[in-house]
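Per mature numbering (1 follows the signal peptide of the UniProt record, and there is no 0), the sequence shown runs over residues -19 to -1, 1 to 468. Cβ coordinates follow ideal geometry from the N, Cα and C atoms, glycine included.
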Amino acid sequence: MYIKTATFLLCVFLGSVSSCCVNGRYYPRYHLSPPHGWMNDPNGFCYFKGEYHMFYQYNPMSSLEAGIAHWGHAKSKDLCHWKHLDLAIYPDQWYDQTGVFSGSALVENDVMYLYYTGNVNLTDEMPFEGQFQALGISTDGVHVEKYKDNPIMYTPNHQPHIRDPKVWEHDGSYYMVLGNAYDDYTKGQIVMYESSDKINWQEVTILYKSNGSFGYMWECPDLFEIDGKFVLLFSPQGVKSVGDMYQNLYQAGYIVGEFDYDTHSFTILTEFRELDHGHDFYATQTMKDPSGRRIVVAWASTWEYAYPERADGWAGMLTLPRTLTLTKDLRLIQTPIREIDQVFRRRLYSGKASAGKTVALPDKAGKVELKWDTPRNIKVVIESQNECQNVVISYDHEDGTITLDRGGDDAIRRTHWDPRGHLKWTIFIDASSIELSCGDGEVWFTSRFFPEGVVSVRLGEDTCVDKFTVHSIRRTTPDPEAHCRCE
Ligand code: FRU
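Rendered as structure tokens:
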């Protein structure tokens, strides 16, 4: 009770102060970010009574550090315009006192079941460390009541790193996957549970595990079916880089396999593939919406990186929601949700263009499309007054590589792109982020950058495209004006 009251008072205090202190210079114009304070993973992404809900790891007390996680909350009718709601889940119980960690939502009969991990660290008062799975229930999509017999799960055989429940229903039974570290925090694995009542869970299998060569802990697992195959998406920590792969501190990617609900056997058909090749993409979560789309979002930031926005009263943003489909050769394709088109307004330019063509983006945000008919090298520069924050994206069609260079330390991310048909790029730019989709969405790069002043897009040397289209944005939520920007 004490923690809840203190947290509430602090939030009221900080909410009123920081709403005037969020500096809008890098604040996303059409991506979801916290109103103030710190955001990391997307949580509880669901569709409830006609609206999409997004919860997220949230520290309302500070933008400087993750601190003790709460669940922040926003909702949207179209996945583009978000309305911030009150804090959804507070760390006010013995089993979640050092963090209401990540989890997911199950919606059934107009009730939202929010599964999360209660984190307990060793402290002077707490001679114990561990992770518990707990349940919050909401019938109005705003207020969340913790289940009376929480925590619903404690798994002594998998302590102390067992977290991030992803729950779904299949044929009248419920399933949960949890991320875990085993063998003394040296190897990652994913544990699967089954339940007939959403409350009591039995471990049914270790769905997939590392032999030690692929990270010490696997976070944020997600298992879902597309076209009869099963995609296991997870975020491994401690994977060593190999060539251009696994360059970030932690990775987010998938393997595809066959899963049998009767025997719980998972047969792997592919290697692990990164879902995005940029600097800032982690802790993915998916949901299936009523139209049958499988939509993925990720935290478009990463741990242990000194993002300058932290000094501005806010930190962290989510990626654009992207629809997932699977190719015949079992690769995930990500397509920006179709609703995103309404975010963009005026065409600032559309036509053939070649090296040197430059278009300025009002309010540092917009959408850029490039199309070319025959294979050739391409270079695009996203530039601002702060040259060291320029982002240069180039394609060498002979060796088939795309390189994104955002300058500074650890500037380069690179991967192979084998166009499946369309020679085109779509680049979503939003105040401090770039998301590049190549071709039909077979390769993506998500990277943050921190431009000053006017942001322009320029075609680099030797570049010539058949169609170059640049759109500005309409004003969307989160409306930076609503945050009393103090630029
Ligand atoms: C992933 C993660 C999760 C955990 C949460 C804590 O970024 O480490 O495993 O639940 O963040 O904020």
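Proximal residues to residue i (C-beta, below 6 Å), its chain only, five neighbours per side dropped
i: D57; result: The sequence given here places Ser at residue 57; Asp does not occur at that position. Within the same chain, S57 has close Cβ partners Y33, W63.
i: K405; result: K352
i: T444; result: A336, I359, K360
i: S375; result: K360, T384
i: K190; result: Q170
i: L329; result: V340, V451, S453
i: F36; result: N24, G25, W52, H54, A69
Where residue i sits in the DSSP three-state scheme
i: D203; result: strand
i: I249; result: strand
i: R50; result: The question names Arg, but residue 50 is Ala in the sequence shown. Residue state, collapsed to three classes: coil.
i: Q323; result: helix
i: C445; result: strand
i: Y37; result: strand
i: R456; result: coil
i: D165; result: coil
i: W75; result: helix
i: Y197; result: coil
i: C2; result: coil
i: N229; result: coil
i: Y8; result: coil
i: N24; result: strand
i: R466; result: The predicted model places R466 with a pLDDT of 42, which falls under 50 and marks its position as unreliable; any figure quoted below should be read in that light. Of the three classes helix, strand and coil, the one that applies to R466 here is coil, per DSSP.
i: H142; result: coil
i: P289; result: helix
i: E368; result: helix
i: P137; result: helix
i: P356; result: coil
i: N100; result: strand
i: T308; result: coil
i: D391; result: coil
i: D241; result: strand
Residue i Cβ short of 7 Å to ligand 1 heavy atom set
i: F82; result: yes
i: Y166; result: no
i: T265; result: no
i: N21; result: yes
i: Q38; result: yes
i: T98; result: yes
i: A50; result: yes
i: A162; result: no
i: D145; result: yes
i: E255; result: no
i: residue 478; result: Outside the shown range of the chain, which is -19 to 468, sits residue 478, and nothing can be said about it.
i: C201; result: yes
i: A47; result: yes
Residues of its chain near residue i, where Cβ-Cβ distance is below 7 Å and the 5 sequence neighbours each way are ignored
i: M226; result: E255
i: residue 469; result: In the structure as shown, the chain starts at -19 and stops at 468, and residue 469 therefore has no counterpart that could be examined.
i: E110; result: V101, N102, L103, P141
i: D447; result: K333, K352, W353, D354
i: V424; result: H258, I383, T396, W398
i: E320; result: D59, L60, C61
i: N229; result: H260, T283
i: R456; result: none
Any non-hydrogen atom of ligand 3 closer than 7 Å to residue i Cβ
i: R6; result: Absent from the structure shown: ligand 3. Ligands present: ligand 1.
Sheet register partners of residue i (DSSP bridge)
i: F409; result: K348, E416
i: W182; result: Answer by DSSP bridge pairing: none, since W182 is not bridged.
i: W19; result: N40, A296
i: I374; result: V361, L385
i: K147; result: V158
i: L342; result: V436
i: K56; result: H34, K64
i: P317; result: R303
i: W280; result: Y263, L299
i: F431; result: Beta-bridge pairing links F431 to no other residue.
i: E126; result: I118
i: K190; result: Q170
i: W425; result: S418
Within-8 Å CB hit, residue i to chain B
i: Y28; result: Any reference to chain B falls outside this structure, which holds one protein chain only.
Same chain, Cβ closer than 8 Å to residue i, neighbours up to 5 away in sequence not counted
i: I187; result: Q170, I171, V172, M173
i: Y166; result: H142, Y197, M198
i: V92; result: I118, S119, T120
i: G381; result: H397, W398, D399
i: F82; result: Q38, A50, Y97, T98, G99, N100, Q112, R144, D145
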